[in-house]
Amino acid sequence: MKAMISTSYGGPEILDLQEVATPLPQPNEIRVKIHATTVSRANTMMRTGKPYIGRLFMGLKKPKHPISGTNFAGIVEAIGTNVSKFKIGDKVFGENIETFGAYAEYLCVDEKGIVALIPDGVDYKEAAGVCDGALTSMNFLRNVGQLKKGQRILINGASGSLGTAAVQLAKKMGGVVTGVCSAKNIELVKSLGADNVVDYNEIDFAKTGLKFDIIYDTVGTRTFADSKAALAKNGTFISPVLGFPLLMDVVKTSIGGNKKAKFSATGMLPLEEQKELFSELMTYINQDDYHFIIDRIYSLEQIPQAHWYVDTGRKRGDVVISVN
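Residue numbers (my numbering): -3 to 320.
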């Protein structure tokens, strides 16, 4: 099968399309013929090996798993001898955060992992991005920020993969949502349900005098320190982009102060917690008014170009790789 291989850390040029052996499913695994995967900001960070703390899990000097990619959508093409949950021909999607491998034509995953049938009316390209933006934002809104009905939440990077999901999920949870994005994406974010939208090139939300119970920085362009003025009493700054400043703020605010900084690595949560999040997320995805936002579609051979594009920081929603 064809697969995109990376044997070192660096820029998109390290990605190399190669022929490798097609994986054989273990007794508890299904083999998925991948139709779509995605390139997210998390994928580009894994490619660079930065922040360096991530190398403790991915490999110190080079990637432990040369085939990257975590999200997938496709069709079950073979099953292991003990598989009972799925059958050949099922259309499935999910996330393989432990060994990656989605930048390929085939992938084997445990049937008890993060994998489910694709809902009716959702195609492969739409399903591929669910476990990136939506699942991560579900964790941050429900578990990390603990968003409650009526609370005011600001979402920085509201037009990206995490942001477009967060706007919709926060509204469904009863939040009062302010999105921050560029001028060209204001109408998109409004269409997803945001109550207010701010153009970051024109307005610094931290200097408006407005207060928010939660500030969710999906893109890592703000800090707890420069956002603190916009936090209400007992407010929380949350972000999935871990750098040294955020790490220090998480430690310091855990010791004292009524305003907190919090971080979570969704993919490192215990499997049962991820599956619980996934199950709750599906209740929202199955609603007719959930919108999947796809920016660009590339082929498997074009994954390096997709990485170049995501590195610009200008993507809207998901960048999808059409594999088969």
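Where is the CB? At the ideal position from N, CA and C, for every residue including glycine.
Segment limits, beta strand (DSSP E) that includes residue i
i	result
residue 14	12 to 15
residue 150	148 to 152
residue 230	227 to 234
residue 105	102 to 106
residue 29	25 to 35
Three-state secondary structure assigned by DSSP to residue i
i	result
residue 114	coil
residue 187	helix
residue 140	helix
residue 46	coil
residue 198	coil
residue 94	coil
residue 39	helix
residue 179	helix
residue 295	strand
residue 350	Lying outside -3 to 320, the shown extent of the chain, residue 350 is not represented and no answer is given.
residue 204	coil
Host alpha helix (DSSP H) of residue i (start-end)
i	result
residue 244	240 to 251
residue 305	299 to 307
residue 310	Unbroken run through residue 310: none, as it is neither H nor E.
residue 77	Segment: none, residue 77 is in no alpha helix (DSSP H) and carries neither H nor E.
residue 167	157 to 168
residue 0	Careful: residue 0 lies outside any alpha helix (DSSP H), inside the beta strand (DSSP E) at -2 to 1.
Same chain only: Cβ atoms within 6 Å of residue i, ignoring 5 sequence neighbours per side
i	result
residue 43	none
residue 209	147, 148, 228 and 231
residue 139	none
Chain-order list of residues whose beta-carbon lies under 7 Å from that of residue i (same chain, five-residue window excluded)
i	result
residue 62	1, 2 and 3
Residue i versus the options, residue with shortest Cα-Cα distance
i	options	result
residue 26	105, 263 and 65	105
residue 68	308, 90 and 233	90
residue 233	223, -3, 310 and 115	223
residue 175	192, 112 and 200	192
residue 135	82, 288 and 263	263
residue 218	79, 238 and 231	238
residue 257	270, 110, 23 and 231	231
residue 289	82, 115, 171 and 162	162
residue 131	274, 205, 300 and 292	274
residue 118	293, 285 and 310	285
Any non-hydrogen atom of the ligand ADP within 7 Å of residue i CB
i	result
residue 4	Here there are no bound small molecules, and the ligand ADP is not part of this structure.
Backbone CA spacing between residue i and residue j [nearest angstrom]
i	j	result
residue 303	residue 8	6 Å
residue 88	residue 252	45 Å
residue 254	residue 115	42 Å
residue 298	residue 112	27 Å
residue 50	residue 158	20 Å
8 Å Cβ shell around residue i - same chain, five flanking residues per side excluded
i	result
residue 322	The question about residue 322 has no answer, for the chain in this structure spans -3 to 320.
residue 179	195, 197 and 198
residue 47	41, 238, 239 and 240
Cβ of residue i within 8 Å of any chain C Cβ
i	result
residue 284	Of the protein chains in this structure there is only one, and it is not chain C.
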